[in-house]
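Comments concern the structure below.
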Amino acid sequence: MAIIETDLGRILERIEEKIDSNQSRTEEKLNALDNRLSKLEGAIQAQQPYIQKIPDLAEKVGELKNWRQISIGVLLATVGAIIGYLSRNIQP
78 MAIIETDLGR ILERIEEKID SNQSRTEEKL NALDNRLSKL EGAIQAQQPY IQKIPDLAEK
138 VGELKNWRQI SIGVLLATVG AIIGYLSRNI QP
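Per our numbering, the sequence shown runs over residues 78 to 169.
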């Protein structure tokens, strides 16, 4: 009976050691994850002003597209007016 108790005691000690070592490794990994998470949060906070400017930039791009359409229309009207003027003034 004493041999079984000592064997069980050794087994329990080994189990406790393994649990303790696994717990310490888990805590180390959690600390590393916390550090990485804080770095990511810092990076996101640093980019927050840029993210807030996206709607303004989208609006300005829309305005540029409108100006491009207007300039194409004016250019085509000018070319059409020049061609019309030249075609009227050419004598057969």
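All residues carry an ideal CB built from backbone N, CA and C; glycine is no exception. None of the values given here were measured: they were computed from a predicted structure.
ask   = Would you report the Cα separation of Q124 and D133, rounded to the nearest angstrom?
value = 16 Å
query = Does DSSP put K130 in a helix, a strand or coil?
reply = coil
ask   = Taking just the CA atoms, how far does T155 sit from L117?
value = 55 Å
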